[in-house]
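Peer 1:
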Amino acid sequence: MAYYTRPSGIGHAHATLYSTANLAFYVVNGDGSGSSLAGQGGIGGALEALAQITNCLAFDSEGTGGLVNLVVDGSQWDATSLRDAIREMGSVNGYDFSAATVTAGGQFIVSA
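In terms of this note's numbering, the sequence shown is residues 1 to 112.
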């Protein structure tokens, strides 16, 4: 059987995040200090406002650490512009976003 070695390609390295759909992954620390967003769900809550302002493609807020994982259109957002838009929301439903931080994600985990 003949074996062919491809001369080019991505090669998909370990510990490297790839996206073929211009997706960008970010972790948002809601108020910069890790205050819980657990009670901010529902209509009019801070989580709803965050999802609306970012127009995210995927959104996940888990636990009580104040962190939210976002998947957004990478052609529309970078970490700085995302942070600035979130901070500009100020206080929503008693939750203050004015010191929010945004970090580009280097991995994503999907679990049940």
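Positions of the beta carbon are idealized from the N, C-alpha and C atoms, including for glycine.
Pick from D60, L23, A15 and T103: whose alpha carbon is nearest that of V110?
Peer 2: D60
Peer 1: Please classify A58 as buried or exposed, where buried requires at least 16 other C-beta atoms within 10 Å of its C-beta.
Peer 2: exposed
Peer 1: My assumption, with CB atoms under 8 Å, is that T101 sits in contact with G32. Please give the rounded CB distance.
Peer 2: A Cβ-Cβ separation of about 5 Å places T101 in contact with G32 under the 8 Å criterion.
Peer 1: List in chain order: all unbroken beta strand (DSSP E) runs of 3+ residues lying wholly within the region 42-99.
Peer 2: 58-61 and 67-73
Peer 1: Can you tell which of G63, S98, T64 and F25 has its C-alpha closest to the C-alpha of S75?
Peer 2: F25
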